[in-house]
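Peer 1: Chains as they are written, first to last, in numbering that gives the first Met the number 0: chain A, 0 to 286; chain B, 0 to 286; chain C, 0 to 286; chain D, 0 to 286. Note that the Cβ used here is the ideal one computed from N, Cα and C, for glycine as well.
Protein chains: 4
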Amino acid sequence: MTKIGFIGLGIMGGPMAANLVQAGFEVTGYNRSAAKVDKLVEAGGRGAGSVAEAVADADVVITMLPDSPDVEAVVLGEDGVLAHAGDGTLLIDCSTIRPDVSREIAGRIRALDAPVSGGEQGAIEGTLSIMVGGAAADFAAARAVLDAVGSTVVHVGAAGAGQTVKAANQLIVAGTIELVAESLVFLEAHDVDTEAAIKVLAGGLAGNRILDRKAAAMIRREFTPGFRVELHDKDLGIVQAAAREAGVVIPLGAVVSQLMASLKAQGHGRLDHGALIELVARLSGRE
Amino acid sequence: MTKIGFIGLGIMGGPMAANLVQAGFEVTGYNRSAAKVDKLVEAGGRGAGSVAEAVADADVVITMLPDSPDVEAVVLGEDGVLAHAGDGTLLIDCSTIRPDVSREIAGRIRALDAPVSGGEQGAIEGTLSIMVGGAAADFAAARAVLDAVGSTVVHVGAAGAGQTVKAANQLIVAGTIELVAESLVFLEAHDVDTEAAIKVLAGGLAGNRILDRKAAAMIRREFTPGFRVELHDKDLGIVQAAAREAGVVIPLGAVVSQLMASLKAQGHGRLDHGALIELVARLSGRE
Amino acid sequence: MTKIGFIGLGIMGGPMAANLVQAGFEVTGYNRSAAKVDKLVEAGGRGAGSVAEAVADADVVITMLPDSPDVEAVVLGEDGVLAHAGDGTLLIDCSTIRPDVSREIAGRIRALDAPVSGGEQGAIEGTLSIMVGGAAADFAAARAVLDAVGSTVVHVGAAGAGQTVKAANQLIVAGTIELVAESLVFLEAHDVDTEAAIKVLAGGLAGNRILDRKAAAMIRREFTPGFRVELHDKDLGIVQAAAREAGVVIPLGAVVSQLMASLKAQGHGRLDHGALIELVARLSGRE
Amino acid sequence: MTKIGFIGLGIMGGPMAANLVQAGFEVTGYNRSAAKVDKLVEAGGRGAGSVAEAVADADVVITMLPDSPDVEAVVLGEDGVLAHAGDGTLLIDCSTIRPDVSREIAGRIRALDAPVSGGEQGAIEGTLSIMVGGAAADFAAARAVLDAVGSTVVHVGAAGAGQTVKAANQLIVAGTIELVAESLVFLEAHDVDTEAAIKVLAGGLAGNRILDRKAAAMIRREFTPGFRVELHDKDLGIVQAAAREAGVVIPLGAVVSQLMASLKAQGHGRLDHGALIELVARLSGRE
Numbered sequence: 000m001t002k003i004g005f006i007g008l009g010i011m012g013g014p015m016a017a018n019l020v021q022a023g024f025e026v027t028g029y030n031r032s033a034a035k036v037d038k039l040v041e042a043g044g045r046g047a048g049s050v051a052e053a054v055a056d057a058d059v060v061i062t063m064l065p066d067s068p069d070v071e072a073v074v075l076g077e078d079g080v081l082a083h084a085g086d087g088t089l090l091i092d093c094s095t096i097r098p099d100v101s102r103e104i105a106g107r108i109r110a111l112d113a114p115v116s117g118g119e120q121g122a123i124e125g126t127l128s129i130m131v132g133g134a135a136a137d138f139a140a141a142r143a144v145l146d147a148v149g150s151t152v153v154h155v156g157a158a159g160a161g162q163t164v165k166a167a168n169q170l171i172v173a174g175t176i177e178l179v180a181e182s183l184v185f186l187e188a189h190d191v192d193t194e195a196a197i198k199v200l201a202g203g204l205a206g207n208r209i210l211d212r213k214a215a216a217m218i219r220r221e222f223t224p225g226f227r228v229e230l231h232d233k234d235l236g237i238v239q240a241a242a243r244e245a246g247v248v249i250p251l252g253a254v255v256s257q258l259m260a261s262l263k264a265q266g267h268g269r270l271d272h273g274a275l276i277e278l279v280a281r282l283s284g285r286e
Numbered sequence: 000m001t002k003i004g005f006i007g008l009g010i011m012g013g014p015m016a017a018n019l020v021q022a023g024f025e026v027t028g029y030n031r032s033a034a035k036v037d038k039l040v041e042a043g044g045r046g047a048g049s050v051a052e053a054v055a056d057a058d059v060v061i062t063m064l065p066d067s068p069d070v071e072a073v074v075l076g077e078d079g080v081l082a083h084a085g086d087g088t089l090l091i092d093c094s095t096i097r098p099d100v101s102r103e104i105a106g107r108i109r110a111l112d113a114p115v116s117g118g119e120q121g122a123i124e125g126t127l128s129i130m131v132g133g134a135a136a137d138f139a140a141a142r143a144v145l146d147a148v149g150s151t152v153v154h155v156g157a158a159g160a161g162q163t164v165k166a167a168n169q170l171i172v173a174g175t176i177e178l179v180a181e182s183l184v185f186l187e188a189h190d191v192d193t194e195a196a197i198k199v200l201a202g203g204l205a206g207n208r209i210l211d212r213k214a215a216a217m218i219r220r221e222f223t224p225g226f227r228v229e230l231h232d233k234d235l236g237i238v239q240a241a242a243r244e245a246g247v248v249i250p251l252g253a254v255v256s257q258l259m260a261s262l263k264a265q266g267h268g269r270l271d272h273g274a275l276i277e278l279v280a281r282l283s284g285r286e
Numbered sequence: 000m001t002k003i004g005f006i007g008l009g010i011m012g013g014p015m016a017a018n019l020v021q022a023g024f025e026v027t028g029y030n031r032s033a034a035k036v037d038k039l040v041e042a043g044g045r046g047a048g049s050v051a052e053a054v055a056d057a058d059v060v061i062t063m064l065p066d067s068p069d070v071e072a073v074v075l076g077e078d079g080v081l082a083h084a085g086d087g088t089l090l091i092d093c094s095t096i097r098p099d100v101s102r103e104i105a106g107r108i109r110a111l112d113a114p115v116s117g118g119e120q121g122a123i124e125g126t127l128s129i130m131v132g133g134a135a136a137d138f139a140a141a142r143a144v145l146d147a148v149g150s151t152v153v154h155v156g157a158a159g160a161g162q163t164v165k166a167a168n169q170l171i172v173a174g175t176i177e178l179v180a181e182s183l184v185f186l187e188a189h190d191v192d193t194e195a196a197i198k199v200l201a202g203g204l205a206g207n208r209i210l211d212r213k214a215a216a217m218i219r220r221e222f223t224p225g226f227r228v229e230l231h232d233k234d235l236g237i238v239q240a241a242a243r244e245a246g247v248v249i250p251l252g253a254v255v256s257q258l259m260a261s262l263k264a265q266g267h268g269r270l271d272h273g274a275l276i277e278l279v280a281r282l283s284g285r286e
Numbered sequence: 000m001t002k003i004g005f006i007g008l009g010i011m012g013g014p015m016a017a018n019l020v021q022a023g024f025e026v027t028g029y030n031r032s033a034a035k036v037d038k039l040v041e042a043g044g045r046g047a048g049s050v051a052e053a054v055a056d057a058d059v060v061i062t063m064l065p066d067s068p069d070v071e072a073v074v075l076g077e078d079g080v081l082a083h084a085g086d087g088t089l090l091i092d093c094s095t096i097r098p099d100v101s102r103e104i105a106g107r108i109r110a111l112d113a114p115v116s117g118g119e120q121g122a123i124e125g126t127l128s129i130m131v132g133g134a135a136a137d138f139a140a141a142r143a144v145l146d147a148v149g150s151t152v153v154h155v156g157a158a159g160a161g162q163t164v165k166a167a168n169q170l171i172v173a174g175t176i177e178l179v180a181e182s183l184v185f186l187e188a189h190d191v192d193t194e195a196a197i198k199v200l201a202g203g204l205a206g207n208r209i210l211d212r213k214a215a216a217m218i219r220r221e222f223t224p225g226f227r228v229e230l231h232d233k234d235l236g237i238v239q240a241a242a243r244e245a246g247v248v249i250p251l252g253a254v255v256s257q258l259m260a261s262l263k264a265q266g267h268g269r270l271d272h273g274a275l276i277e278l279v280a281r282l283s284g285r286e
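(1) Cβ of Leu275(C) less than 7 angstroms from any chain A Cβ?
(2) Compile a chain-ordered list of the residues in the stretch 200-233 of chain D whose CB is closer than 9 angstroms to at least one CB of chain C.
(3) Determine which residues of the stretch 86-107 of chain A have a Cβ less than 9 angstroms from any Cβ of chain B, and write them out in chain order.
(4) By a C-beta neighbour count over all protein chains shown, 10 Å radius and 16 as the cutoff for buried, is Asp137(A) buried or exposed?
(5) Kindly list, in the order they appear in chain A, the residues whose Cβ is closer than 7 angstroms to that of Pro250(B).
(6) Go ahead and label Thr163(C) buried or exposed: buried means 16 or more other beta carbons lie within 10 angstroms of its beta carbon, across all protein chains shown.
(7) Can the beta-carbon of Val73(A) be found closer than 7 angstroms to that of Ile3(A)?
(8) Pro68(B): which of Ala274(B), Leu251(B), Lys233(B) and Leu270(B) sits nearest, CA to CA?
(9) Can you tell me which of the three DSSP states Leu204(B) falls into?
(10) Between the stretch 59-85 of chain A and chain B, which residues of the former have CB atoms less than 8 angstroms from a CB of the latter, in chain order?
(11) Terminal residues of the continuous alpha helix (DSSP H) containing Phe185(C)?
(12) From the DSSP output, which residues share a beta bridge with Met130(A)?
(13) Could you check where the alpha helix (DSSP H) with Ile123(D) kicks off and where it finishes?
(14) What in chain B is Cβ-close to Lys263(C), meaning under 9 angstroms?
(15) Lys165(A) CB to nearest chain B CB: under 7 angstroms?
(16) Would you list the residues sitting across from Lys2(C) in a DSSP beta bridge?
(17) From the beta carbon of Glu181(A), is the nearest beta carbon of chain B less than 7 angstroms away?
(18) Would you call the CB atoms of Met63(C) and Val148(C) closer than 7 angstroms?
What follows is the structure, encoded as structure tokens:
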């Protein structure tokens with residue numbers, strides 16, 4: 000049976016680890032705050048007091064951490080995965096980080112970058128979309144593990160490719176929220192029934208997941224996350240850097256990045272990213 | 000049985016009129032080029048030699064015309080619908096035009112504005128999305144007719160509201176195509192497998208109808224319309240004017256309007272609007 | 000001696016008419032509010048009770064009015080210039096209006112479009128920049144009159160060309176204010192001495208008239224007009240329409256138009272256009 | 000007499016060092032390619048075979064290098080300024096680099112950041128604008144040296160402030176070139192006499208250094224540098240990173256950065272930055 004070391008048992012990592020236990024894997028988890036580890040133990044996993052302990056016997060190590068420096072520290076740092084995992088251990092990094100960091104890690108240890116989309120709900124339900132970069136053989140080896148946490152699992156290219164696709168994902172999501180926000184404020188200003196409008200917009204070529212899942216809350220100006228503005232702002236920083244590096248021009252990406260950064264600068268970093276509608280309404284003198 | 004006069008038997012109007020015949024309505028059609036009229040007659044409708052003849056006995060008149068001046072001429076002009084239709088005739092204008100023109104017409108004649116989304120395919124299949132503005136009683140009276148050509152038929156508000164929602168629809172569609180274009184060029188530049196990427200993007204919060212229906216052709220750089228750049232450019236002109244009139248700020252709308260206008264200015268007005276990917280690729284030095 | 004009929008004795012027109020009197024012209028002025036006419040009489044001009052009276056004996060008629068519809072009414076309307084001026088009278092329209100309206104007027108009456116730049120101060124000092132469209136012979140005939148109110152008087156092309164250059168002027172001015180606003184907020188956020196920075200920026204390739212004349216007030220957040228946001232917003236509407244008509248792509252123009260429209264939508268239409276710095280500061284969470 | 004060690008004798012550094020010799024300073028210069036050193040010797044300076052040799056006896060060390068990593072290597076590297084300069088030596092770094100790198104250097108060695116504006120011509124004539132960050136006492140000590148190479152020398156704040164003001168300078172310059180480019184293409188499309196238009200635009204509130212010095216070449220589509228697109232693109236990267244770090248929203252800055260990046264991506268990195276007019280013309284279908 001595959002033994003999994005799982006580092007990072009937060010909002011996403013916690014339920015993912017639980018789903019792996021549920022699927023029959025032997026999961027040893029580590030998290031900086033011990034309370035999260037206890038929760039995994041309750042769910043049938045094992046607890047570890049350090050990264051070293053979590054990865055010592057593991058066939059597969061999964062990391063689910065906030066940002067690039069966290070992954071670098073946990074994987075490449077003194078007491079990290081590279082130092083303590085056995086030869087041939089496969090690292091699956093599910094964090095959303097810079098593609099160049101994923102490539103660097105893949106040069107040092109057998110690894111896949113496997114960022115996810117689908118939010119807390121997708122993590123709990125095990126229905127995440129997972130975009131995977133790395134060697135085809137490693138993807139094949141990881142398949143059973145990934146299928147236990149996601150329902151759309153796709154190999155998209157070499158090391159770093161998963162992060163690149165995740166960056167594209169975050170560009171489309173931010174842009175679509177902003178397009179829906181502009182449209183809803185436009186319709187409100189023209190006294191159109193926005194609830195009815197959402198229905199008919201969702202039925203045609205304008206249809207998208209934001210209209211399906213977020214537009215109703217945006218109309219009510221409810222911004223409980225969900226996905227926070229400050230995280231999306233971080234991700235758009237990755238998008239811009241990666242576009243710049245490759246000489247790709249992204250006019251809408253550049254503008255929506257300014258708007259997301261503005262929300263954060265105005266102190267709304269902890270709201271759901273649907274709060275872009277607040278910004279459009281304010282710019283239009285409608286508050 | 001409801002008698003329908005149908006003006007404008009082009010790419011969209013032709014199959015819509017045929018579907019109405021199929022549904023059992025008595026349809027008398029008129030079009031400037033007689034060949035289109037002959038096609039309706041073959042499908043079981045009647046032909047008329049003028050607007051006057053088409054609308055003389057009609058209970059309902061449907062217009063499906065290219066732009067605001069066309070609708071003004073056909074409805075309000077000397078030999079037009081207003082002059083020749085009987086009292087109580089209901090006009091259903093399915094054209095995409097300026098909301099203020101729809102409101103003006105509704106002040107002169109009993110009318111609904113009922114622009115559609117779904118393209119030639121939706122017109123043929125009778126699965127159009129139809130966004131309807133006007134009086135609730137008139138919407139109720141028109142329901143059976145509209146159900147014969149569309150599968151999502153929604154009353155969104157007073158006269159002009161249908162056009163306003165259609166404007167929002169065109170804003171979201173143009174913006175989404177551009178977001179997908181920026182993402183695909185970004186992925187191509189990073190040597191990611193774009194076919195695989197589309198699959199995983201479509202499965203998460205980034206999912207939208209453009210990824211489902213247009214992205215594959217955009218990757219192959221196939222731009223047979225579909226919906227032409229020059230028409231989308233016209234519609235974005237309506238969006239900008241209506242946003243300006245209402246004091247609504249649409250940053251992404253403004254930028255994507257520039258890009259669509261650029262495609263047209265460069266002589267690509269007759270391509271499908273998916274050609275935005277060509278523009279992004281060229282701006283990124285990738286051709 | 001040249002007899003001048005002057006219509007529109009507001010903030011700009013009043014001092015221009017006074018300068019013409021000063022230069023020895025016989026000026027008969029008309030304005031809707033009689034108080035402005037009295038002021039011209041005090042300055043040595045004559046007062047008229049109607050457009051007809053003002054233009055009856057005039058060799059040259061000057062109009063200085065707020066917007067396109069005003070000019071159309073005063074020039075082409077029932078009791079307007081066209082109806083009452085003698086044959087061969089030369090109209091010099093100094094208003095900032097749509098180029099197509101200027102061209103239409105020039106098709107009906109001997110006319111120059113001659114919009115000005117330089118503000119109230121330039122009008123008082125007689126140092127306006129004047130951009131003139133129309134026939135070269137008419138420009139030559141008008142030269143002495145124009146030199147009495149402006150110090151930079153340039154013939155830029157056929158009818159409408161003056162308005163087109165004025166549109167370009169308004170695009171550059173709005174864009175430059177916004178660039179200076181972004182730079183100042185950027186410097187404030189980095190705790191740089193902005194007064195010192197203005198000095199050094201003005202000395203190099205970044206030097207411009209906004210740094211010279213407006214940046215100090217922008218730093219102090221003083222927005223007494225000057226030139227009002229709502230008028231600049233109107234002018235940017237002309238810019239966008241004229242760019243669209245000619246298929247010219249203006250990415251910065253499109254974005255700064257959104258920002259100026261936002262200021263107006265937020266109720267700041269009567270502030271000086273330097274208030275763009277307030278908007279940038281607010282977007283950056285610095286208020 | 001003040002002894003100066005000068006590192007980096009390129010297009011800018013060469014004439015600056017020559018002006019210092021002219022002003023009576025004892026200048027020892029070093030450059031990777033020896034030919035540049037020979038040129039300084041011809042002008043009356045001394046040549047050095049290494050950084051160490053150039054700075055050994057110096058009271059003041061001036062660096063004029065392409066980018067942040069170059070400055071880090073030359074100043075902080077193994078055989079660099081820090082390792083070989085005497086105690087109390089004052090470093091004046093005239094390179095345009097990241098503000099955070101300037102601050103880091105100022106934490107290790109007595110230093111001023113003193114980027115310049117004015118181009119090759121300004122360097123030759125000794126009329127550069129110099130924006131200086133660092134301690135007031137150090138600025139006072141450096142004053143005589145800086146006055147020998149520049150005509151506008153301003154202390155703008157603490158360490159890094161010079162770079163921050165230079166970043167703002169580059170933002171305004173890029174934006175102004177683009178505004179002039181959009182205006183010129185707009186005027187060309189409307190058949191206006193652009194040479195005449197430049198004159199009248201330069202006389203009013205739209206007046207700026209780009210209209211004075213670059214617009215004529217832009218009209219002729221002459222793009223011999225001057226200042227290269229690829230360097231301006233690098234500088235706009237600094238602007239964006241510094242704005243992001245401080246939470247400052249720069250909508251025009253973001254868009255013009257995309258356009259400059261596009262020029263570079265299309266292979267025009269070695270043209271003068273006035274080539275933005277080519278991009279606007281191409282986007283407008285006018286080539």
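Peer 2: Quick look at the numbers:
(1) Not a single C-beta of chain A is nearer than 7 angstroms to the C-beta of Leu275(C).
(2) Correct list: Leu200, Ala201, Gly202, Gly203, Leu204, Ala205, Gly206, Asn207, Arg208, Ile209, Leu210, Asp211, Arg212, Lys213 and Phe226.
(3) Listed by position along the chain: Pro98.
(4) If you draw a 10 Å sphere on the C-beta of Asp137(A), you find 16 or more other C-beta atoms in it, and that means buried.
(5) Under the 7 angstroms cutoff, chain A gives Val254 and Leu258.
(6) Only buried fits Thr163(C), as 16 or more other CB atoms lie within 10 angstroms of its CB.
(7) The beta carbons of Val73(A) and Ile3(A) sit no closer together than 7 angstroms.
(8) Nearest option by C-alpha distance: Lys233(B).
(9) When DSSP states are grouped into helix, strand and coil, Leu204(B) belongs to the coil group.
(10) Those residues of the stretch 59-85 of chain A that come within reach of chain B (Cβ to Cβ, closer than 8 angstroms) do not exist; the list is empty.
(11) In the DSSP assignment, Phe185(C) falls within the alpha helix (DSSP H) that extends over Ala160 to Ala188.
(12) Paired residue(s): Val153(A).
(13) Looking at the DSSP string, the run of the alpha helix (DSSP H) that includes Ile123(D) is Gly118 to Glu124.
(14) In chain order: Gly246.
(15) Lys165(A) does not count as touching chain B.
(16) Residue pairing of Lys2(C) in beta bridges, as defined by DSSP: Glu25(C).
(17) Yes - at least one Cβ of chain B is within 7 angstroms of the one on Glu181(A).
(18) No, these two residues do not count as a Cβ contact at 7 angstroms.
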